Ligand code: ACO
């Protein structure tokens, strides 16, 4: 097998090394292309660009495979816990019991948030979208922990930042929610597990008892596992790019949260439920909506459908669909949105337009229905995604920094005006 790709430019041949990943993925290393030939590659949206080598997550979009550190998502969702998966992603290996205990205990000890951060909430409007609040607060954390700003921070300081992020983001997320209701916030209860603590802070009220339902806790834990990483997606790439300037990890994560918020990325989970509601209000049925999605003059897209990488099925969507049925059955909830979603999926999967373009339900298609069944309000859906994705962002940042990757700085092909002379305003 050739170790080089040959490229002929202006009649001259150049050899570029081939690099093959551990799952046989082939790439052409173009690092020296510009220096040798004067050419750069052009790839809008990075549809065909490997931005890094990575040992964290493997996915095969044709076969519908997703693995964290070599472990299949199906097995992790069934047998593991979110904090164990977080440890795996961040440290590379599954933890021994003592390691997991240490990791978990440290996170529990850092769940409290500096009281001064609470004052920041007063500055947001009551109806502030919690993703905007989360992005602002993640960035604000760098000001509370200035040690994180030092580009020469020690491994211990990095570890502390990672612990603080994992511990405090759920507290801040629930406070954003409580604030939007005008309710008093709940402080973390460290006798509870990670997800139970989150549910307590979300739903406990000073006026009545609240007990965490173990089925709800388990379902939430599984959802977080399914969202924990997804290799070089839009938000992870944002975290890497922002982090490559050696900014604090808090700020890099804040950039990731902003990137995730968009409707074409994590924001799709909110859009899906709003779309299903709209379809319900309109009397149901799939034909009208599929026709709208197919109409190029109509901005409507079938939210929760399609994926840049998955061209067969999204394995997370498969697991979530089954979990969705299970949770709704267990909780005795009959959500018409689920029936509409299933009808839409069935119709789309047999429609030529969607089949031809290999458009399948993605992770966001069913997740909103579960979140809603768990009592999570719609505008918190993307926040749930962010909480799940946090270990992935951290792992991607840590890998990038650990390997001393250079600052991310793409090239462009300039297509604007050539040099022209300034014309005074009275002569224009
Ligand atoms: N509804 C209707 N048509 C669609 C949809 C959709 N949901 N998704 C893609 N298409 C069509 C496009 O119009 C395009 O058609 P064309 O070839 O005739 O022009 C073709 O399928 C390819 O789509 P692109 O937008 O070029 O694919 P890309 O890889 O750039 O986008 C994306 C992927 C953003 C996920 C897209 O499928 C989409 O907008 N989906 C809806 C939003 C969504 O669910 N986002 C969540 C993704 S998962 C995640 O981020 C966690």
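Numbering (the numbering used here), first residue to last: 254 to 681.
Glycine included, C-beta positions come from ideal geometry on N, C-alpha and C.
Nothing here was measured: the structure is a model prediction, and the numbers come from that model.
So does the region 391-410 actually touch the region 460-476, counting three or more Cβ pairs closer than 8 Å?
With the cut-off at 8 Å, the region 391-410 and the region 460-476 do not touch.
State the CB to CB distance for the pair residue 349 and residue 640, rounded to an integer number of angstroms; the pair is presumed to be in contact (CB under 8 Å).
As a working note, residue 349 is residue 96 in the chain shown. As a working note, residue 640 is residue 387 in the chain shown. Between residue 640 and residue 349 the Cβ distance is about 25 Å, and since that is not below 8 Å, they are no contact.
Any non-hydrogen atom of ligand 1 within 7 Å of residue 556 CB
Taking the chain shown and counting its residues from 1, one reaches residue 556 at position 303. Taking the Cβ of residue 556 as the reference point, at least one heavy atom of ligand 1 falls within a distance shorter than 7 Å.
Does the beta-carbon distance from residue 315 to residue 615 come in below 8 Å?
Your numbering for residue 315 matches position 62 in the chain shown. Your numbering for residue 615 matches position 362 in the chain shown. It is not a contact, given that the beta carbons lie outside the stated cut-off.
Between the region 259-274 and the region 283-297, are three or more C-beta pairs nearer than 8 Å?
These segments touch.
How many angstroms separate the CA atom of residue 509 from the CA atom of residue 680?
Taking the chain shown and counting its residues from 1, one reaches residue 509 at position 256. Taking the chain shown and counting its residues from 1, one reaches residue 680 at position 427. Whole-angstrom Cα-Cα distance: 46 Å.
Any non-hydrogen atom of ligand 1 closer than 7 Å to residue 616 Cβ:
One-based indexing of the chain shown puts residue 616 at position 363. Yes; taking the cut-off as 7 Å, the Cβ of residue 616 has a heavy atom of ligand 1 nearer than that.
Range of the contiguous alpha helix (DSSP H) that encloses residue 691:
Absent from the structure is residue 691, since the part of the chain shown begins at 254 and ends at 681.
Should residue 518 be counted as a contact of ligand 1 given a C-beta to heavy atom distance under 7 Å?
Taking the chain shown and counting its residues from 1, the one referred to as residue 518 is at position 265. Within the cutoff, so yes.
Find the nearest neighbour of residue 281 within the set 288, 271, 275, judged by alpha-carbon distance.
On the chain shown, residue 281 is found 28 positions in, with the first residue counted as 1. Nearest option by C-alpha distance: 271.
Whole beta strand (DSSP E) runs in the region 547-610 with 3 or more residues, listed along the chain?
Segments of the beta strand (DSSP E) lying fully in the region 547-610: there are none.
Could you tell me if residue 310 is buried or exposed, where buried requires 16 or more neighbouring beta carbons within 10 angstroms of its beta carbon?
To locate residue 310, count along the chain shown from 1; it is residue 57. Residue 310 counts as buried, since at least 16 other C-beta atoms from the protein chains shown sit within 10 angstroms of its C-beta.
Would you list the one or two residues that DSSP bridges to residue 313?
The count along the chain shown starts at 1 and reaches residue 313 at position 60. DSSP, once it has assigned bridges, lists 318 as partnering residue 313.
So residue 411 is in the beta strand (DSSP E); what residue range does that whole segment cover?
Along the chain shown, read from residue 1 onward, the residue named residue 411 stands at position 158. Premise fails: residue 411 lies in the alpha helix (DSSP H), 408-434, not in any beta strand (DSSP E).
Please return the same chain residues whose Cβ sits closer than 7 Å to the Cβ of residue 359, not counting the five positions on each side in sequence.
The sequence position of residue 359 within the chain shown is 106, counting from 1. Excluding positions up to five away in sequence, the list reads 416.
Kindly give me the distance between the Cβ atoms of residue 503 and residue 364, rounded to whole angstroms, as I take these residues to be in contact under 8 Å.
Taking the chain shown and counting its residues from 1, one reaches residue 503 at position 250. Taking the chain shown and counting its residues from 1, one reaches residue 364 at position 111. Between residue 364 and residue 503 the Cβ distance is about 16 Å, and since that is not below 8 Å, they are no contact.
Roughly how many angstroms lie between the CA atoms of residue 442 and residue 422, to the nearest whole one?
The count along the chain shown starts at 1 and reaches residue 442 at position 189. The count along the chain shown starts at 1 and reaches residue 422 at position 169. Going from the Cα of residue 442 to the Cα of residue 422 covers about 15 Å.
When the Cα of residue 393 is compared with those of 410, 378, 370, 376, which residue comes out closest?
Position 140 of the chain shown, counted from the start, is the residue given in the question as residue 393. Closest in alpha carbon position to residue 393, among 410, 378, 370, 376, is 370.
Tell me the DSSP secondary structure of residue 373 in three-state form.
Mapped onto the chain shown, residue 373 falls at position 120. Annotated three-state conformation of residue 373 is helix, per DSSP.
Tell me whether residue 453 counts as near ligand 1, meaning its Cβ is closer than 7 Å to at least one heavy atom of that ligand.
In the chain shown, counting from the first residue as 1, residue 453 sits at position 200. No, since every heavy atom of ligand 1 falls outside the 7 Å radius drawn around the Cβ of residue 453.
For residue 455 versus residue 635, is the C-beta distance shorter than 8 Å?
Counting from 1 along the chain shown, the entry for residue 455 is found at position 202. Counting from 1 along the chain shown, the entry for residue 635 is found at position 382. No.
Through-space distance from residue 386 to residue 432, alpha-carbon basis:
If you number the chain shown from 1, residue 432 lands on position 179. If you number the chain shown from 1, residue 386 lands on position 133. Approximately 11 Å between the Cα atoms of the pair.
Tell me whether residue 436, by its Cβ, gets closer than 7 Å to a heavy atom of ligand 1.
What you label residue 436 is simply residue 183 of the chain shown in a count that begins at 1. Because no heavy atom of ligand 1 lies under 7 Å away, the Cβ of residue 436 does not count as near it: no.
Taking just the CA atoms, how far does residue 357 sit from residue 627?
As a position in the chain shown, residue 627 is number 374, starting the count at 1. As a position in the chain shown, residue 357 is number 104, starting the count at 1. Pairing residue 627 with residue 357, the inter-Cα distance amounts to about 24 Å.
In this structure, does DSSP put residue 651 in helix, strand or coil?
Counting from one through the chain shown, the residue named residue 651 turns up at place 398. Shown here, residue 651 sits in a helix according to DSSP, grouped into three states.
Bridge partners of residue 456, per DSSP?
By 1-based counting over the chain shown, the position of residue 456 is 203. Residue 456 is bridged by DSSP to nothing; it lacks a bridge partner.
C-beta contact flag for residue 347 and residue 373 at 8 Å:
Taking the chain shown and counting its residues from 1, the one referred to as residue 347 is at position 94. Taking the chain shown and counting its residues from 1, the one referred to as residue 373 is at position 120. The Cβ-Cβ distance between residue 347 and residue 373 does not fall below 8 Å.
For residue 486, is the beta carbon positioned less than 7 Å from some heavy atom of ligand 1?
For the purposes of this step, residue 486 is identified with residue 233 of the chain shown, where counting begins at 1. Residue 486: yes, Cβ under 7 Å from ligand 1.
Look at the Cβ atom of residue 474, then the Cβ atom of residue 583, and state whether they are nearer than 8 Å.
Your numbering for residue 474 matches position 221 in the chain shown. Your numbering for residue 583 matches position 330 in the chain shown. Not a contact, by the Cβ cut-off of 8 Å.
Contact test: residue 585 Cβ vs ligand 1 heavy atom, cutoff 7 Å:
Position 332 of the chain shown, counted from the first residue, corresponds to residue 585. No, since every heavy atom of ligand 1 falls outside the 7 Å radius drawn around the Cβ of residue 585.
Less than 7 Å separating the Cβ of residue 258 from some heavy atom of ligand 1?
By one-based count along the chain shown, residue 258 stands at place 5. No; taking the cut-off as 7 Å, the Cβ of residue 258 has no heavy atom of ligand 1 nearer than that.
Less than 7 Å between the CB of residue 546 and some heavy atom of ligand 3, yes or no?
Here the bound small molecules are ligand 1; ligand 3 is not part of this structure.
Would residue 617 and residue 486 be called neighbours here (beta carbons separated by less than 8 Å)?
The residue you call residue 617 lines up with position 364 of the chain shown. The residue you call residue 486 lines up with position 233 of the chain shown. With respect to the 8 Å criterion, residue 617 and residue 486 are not classified as neighbours on the basis of their beta carbons.
Whole-angstrom C-beta distance between residue 342 and residue 538, which should lie under 8 Å:
The residue given as residue 538 occupies position 285 in the chain shown. The residue given as residue 342 occupies position 89 in the chain shown. No, residue 538 and residue 342 are not in contact; Cβ-Cβ is about 42 Å, not under 8 Å.
Taking the Cβ atom as the reference point for each residue, do residue 317 and residue 563 lie within a distance shorter than 8 Å?
As a working mapping, residue 317 is identified with position 64 in the chain shown. As a working mapping, residue 563 is identified with position 310 in the chain shown. A contact, by the Cβ cut-off of 8 Å.
At a cut-off of 7 Å, is residue 212 close to ligand 1 when judged by its beta-carbon and the heavy atoms of the ligand?
Any question about residue 212 goes unanswered here, given that the chain covers just 254 to 681.
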